[in-house]
Amino acid sequence: LQVVEVHPFVCIVQEHADNGDLLQRIKRDGLIDEDESRFLFRQIIEALSYLESMRVVHRAVKCENVFLDSYDNVKLGDFGFSRYMHTNDLSRTFCGSRAYAAPEVLRSRPYNGFGVDVWSAGVVLYVMVTGLMLYDDRYPERMLDKQMHHRITFPSGRSLSEELKRLMFEMLHPKPSKRANYAQIIKSAWLINTPYRMRTEQRSSPPTSDFTSKSDKD
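Residue 1 is where the sequence shown starts when you use UniProt numbering, and the numbers rise one by one after that.
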């Protein structure tokens, strides 16, 4: 919101996120049901779609960078790795967290930043609805093998709609050219009936479930 110089420092004053970040919420309240996930994820995609319209890629999309205001509206933050990119531009810089990184980034291949943001958002969605990390990033080679074979395992104790699973498969396609774009995500069967809106009232406290910091399904 403002830049203030207090010699010898330059301070950036940003909007306060009263309810912390998305990972803190999941650790505090547990996994998020599909209805609430639709609301939050629609806001995440709206933010990323706006960035794309401005030719900006984020390159560090993860739960810790999805902040929540007092009404639990999404505020996408931490633009330290963001950059301007044209449609056909490619980047070669490894950015963000490995657990959320697309396979082309892990393989050190030139990549289109918009497709990388879609992949990372797909991982965020998985964490929201399962309370698990999709990949165990302690073992990069095993993680990359799962990604390249398009293997997504869902916890047996968590009932998820087929529409939701299909969307995650489309966002987490190992080939960037076959990965869903933002327009397709918004029009997906899981999101199409969820218009973008901002919450203006406090919501009631959600039920508590467990959060696991890593997947144990390798």
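Idealized CB from N, CA, C, for every residue including glycine.
The straight-line gap separating the alpha-carbon atoms of T130 and P155 is approximately 7 Å. Under the three-state reduction of DSSP, I26 is assigned to helix. If you draw a straight line from the Cα of E201 to the Cα of V124, it is about 25 Å long. Comparing alpha carbon positions, the residue from E141, L172, R98 closest to Y126 is L172. For the options M85, G77, D33, the alpha carbon positioned closest to that of S53 is the one of M85.
Only residues of its own chain outside the window of five on either side were considered, and among them P103, P174 have a CB closer than 7 Å to the CB of Q147, listed in chain order. Q43: not part of any beta strand (DSSP E); member of the alpha helix (DSSP H) spanning 34 to 53, first to last residue. Counting the other CB atoms within 10 Å of its CB gives L40 a total of 16 or more, which places it among the buried residues. Collapsing the DSSP output to three states places F81 in coil.
Its chain contains T130 as the residues whose beta carbon lies nearer than 6 Å to that of R158, once the 5 sequence neighbours on both sides are disregarded; these appear in chain order. In the assembly as shown, M143 is a buried residue. Its beta-carbon has 16 or more other beta-carbons within 10 Å. A residue is called buried once 16 or more other Cβ atoms fall within 10 Å of its Cβ, and C11, having fewer, is exposed. The beta strand (DSSP E) runs lying completely inside the region 61 to 123 and spanning 3 residues or more are 66 to 68, 74 to 76, given in chain order. Setting aside the 5 residues that flank it on each side, V3 is surrounded in the same chain by I12, each with a C-beta closer than 6 Å to its C-beta; the list follows chain order. I186: member of the alpha helix (DSSP H) spanning 182 to 186, first to last residue. Using a 10 angstroms sphere on the CB of Q43, the tally of other CB atoms reaches 16 or more, which defines it as buried. The three-state secondary structure of D145, taken from DSSP, is helix.
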